[in-house]
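A.B. asks: Sending over a structure as structure tokens; questions will come in a sec.
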Ligand SMILES: *Cc1c(COP(=O)(O)O)cnc(C)c1O
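Numbering (this note's numbering), first residue to last: 179 to 431.
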């Protein structure tokens with residue numbers, strides 16, 4: 179449990195301690211071991227000083243959703259041991275940067291992207307962990323693979339030595355209805371359970387990346403193994419989500 183000094187909300191460490199306490203409480207509500215849920219800080223739009231504060235608080239992995247931002251932050255933070263996790267929609271022509279600089283990709287959502295990453299990773303002589311992003315919401319243009327396309331994709335990616343599939347990722351529907359949000363998380367877990375039964379060689383589906391600042395407690399109750407938290411750790415972003423999900427519903431709002 180966090181003491182008063184470390185839960186000071188004016189510091190990154192304090193906000194992280196408060197979040198951690200809420201994650202742990204959500205675990206206890208459903209009888210899960212809190213050690214099974216990781217916290218991935220999402221540093222998009224935040225600069226090097228904010229990330230250094232997070233590094234000082236003990237964090238090493240950071241989520242970003244633009245390849246360009248990973249490029250911009252890579253050099254200035256190269257001395258800090260930071261590992262960059264790509265969580266945003268990735269254009270195939272950015273695969274080169276990601277293959278060179280990212281530690282992991284959680285937004286693998288199509289075969290064409292897997293092939294581009296595989297080709298670039300072979301050139302770099304690297305292999306990375308990937309999560310497949312699945313669309314669990316009915317919103318028209320949120321990125322992610324259709325659930326029925328998961329098995330065929332996994333069978334293809336399983337043959338690529340450079341991509342180690344570790345699990346699934348999703349974004350829940352952006353809705354005021356807690357039931358609608360919960361249904362997204364639950365459907366990802368159920369899909370994972372079904373596909374895991376197939377026992378595709380070389381594919382592990384132990385990880386479920388789901389939950390953001392507004393919905394992580396529900397995601398943890400539904401089986402998330404890592405929550406991706408931006409706003410609740412770093413503060414409000416200058417750009418709205420339309421900047422990140424240009425074809426998403428946020429732009430229409
Ligand atoms: C920005 C982002 C997050 C974090 O969102 P917050 O609401 O700020 O916690 C999580 N996942 C993805 C894919 C994102 O783009």
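Even glycine gets a Cβ: it sits at the ideal position worked out from N, Cα and C.
Can you list, in chain order, the residues of its chain with a C-beta nearer than 6 Å to that of residue 401? Leave out the 5 residues immediately preceding and following it.
C.D. replies: Only 367 and 386 meet the Cβ criterion.
A.B. asks: From residue 219 to residue 326, what distance separates their C-alpha atoms?
C.D. replies: Their Cα atoms are separated by approximately 30 Å.
A.B. asks: Pairs of beta-carbons, one from the region 338-351 and one from the region 305-321, closer than 8 Å: are there three or more?
C.D. replies: Touching, per the Cβ criterion.
A.B. asks: Could you pull out every residue in the same chain whose Cβ sits closer than 8 Å to the Cβ of residue 416, ignoring the five residues on either side in sequence?
C.D. replies: Here the set comprises 223.
A.B. asks: Check whether the Cβ of residue 345 lies closer than 7 Å to any heavy atom of ligand 1, and answer yes or no.
C.D. replies: For ligand 1, not one heavy atom lies less than 7 Å from the Cβ of residue 345.
A.B. asks: What's the call for residue 392, buried or exposed, on a 16-neighbour Cβ count within 10 Å?
C.D. replies: Exposed: under 16 other Cβ atoms inside 10 Å.
A.B. asks: Looking at C-alpha atoms only, which residue of 262, 250 and 234 is the closest neighbour of residue 277?
C.D. replies: Measuring from the Cα of residue 277, the nearest candidate turns out to be 262.
A.B. asks: Start and end of the alpha helix (DSSP H) containing residue 365?
C.D. replies: 356-374 is the extent of the alpha helix (DSSP H) around residue 365.
A.B. asks: Per DSSP, residue 394 forms a beta bridge with which residues?
C.D. replies: None, per the DSSP bridge assignment.
A.B. asks: Looking only at its own chain, which residues have a Cβ that is under 6 Å from the Cβ of residue 283, when we skip the five neighbours before and after it?
C.D. replies: 264 and 308.
A.B. asks: Just to check, is the beta-carbon of residue 349 closer than 7 Å to a non-hydrogen atom of ligand 1?
C.D. replies: True, at least one ligand heavy atom lies under 7 Å from that Cβ.
A.B. asks: With distances taken Cα to Cα, identify the nearest neighbour of residue 324 among 342, 364, 298 and 369.
C.D. replies: Answer by Cα proximity: 369.
A.B. asks: From residue 205 to residue 198, what distance separates their C-alpha atoms?
C.D. replies: Cα-Cα distance, rounded: 11 Å.
A.B. asks: Using a 10 Å radius around the Cβ and a threshold of 16 neighbouring Cβ atoms, would you call residue 246 buried or exposed?
C.D. replies: That one is exposed.
A.B. asks: Distance check for residue 299 and residue 271, CA to CA, integer angstroms please.
C.D. replies: Near 14 Å, if we compare the C-alpha coordinates of residue 299 and residue 271.
A.B. asks: When the Cα of residue 378 is compared with those of 328, 188, 357 and 404, which residue comes out closest?
C.D. replies: Among 328, 188, 357 and 404, the Cα nearest to that of residue 378 is on 328.
A.B. asks: If you follow the alpha helix (DSSP H) that residue 245 is part of, which residue opens it and which one closes it?
C.D. replies: Where residue 245 is concerned, the enclosing alpha helix (DSSP H) stretches over 245-252.
A.B. asks: Do residue 347 and residue 301 have their C-beta atoms within less than 8 Å of each other?
C.D. replies: Cβ atoms of residue 347 and residue 301: not closer than 8 Å.
A.B. asks: Excluding five sequence neighbours on each side, which residues of the same chain lie with their C-beta closer than 6 Å to the C-beta of residue 294?
C.D. replies: Taken in chain order, the residues that qualify are 270 and 273.
A.B. asks: Looking only at its chain, what residues have a beta carbon closer than 6 Å to the beta carbon of residue 208, apart from the 5 residues adjacent to it on each side?
C.D. replies: The residues are 399.
A.B. asks: Quick one: Cα of residue 345 to Cα of residue 332, how far?
C.D. replies: Rounded to whole angstroms, residue 345 to residue 332 spans 10 Å at the Cα level.
A.B. asks: Tell me whether residue 220, by its Cβ, gets closer than 7 Å to a heavy atom of ligand 1.
C.D. replies: Correct: residue 220 has its Cβ closer than 7 Å to ligand 1.
A.B. asks: For residue 290, tell me which candidate among 256, 362, 330 and 214 has the shortest Cα-Cα distance.
C.D. replies: Checked all of 256, 362, 330 and 214; the closest Cα to residue 290 is 330.
A.B. asks: Within its chain, find whatever has a CB closer than 7 Å to the CB of residue 211; leave out the 5 residues flanking it on each side and keep chain order.
C.D. replies: The answer, listed in chain order, is 205.
A.B. asks: Under the rule that 16 or more other beta-carbon atoms within 10 Å means buried, what is residue 397, buried or exposed?
C.D. replies: Its Cβ being crowded by 16 or more others within 10 Å, residue 397 is buried.
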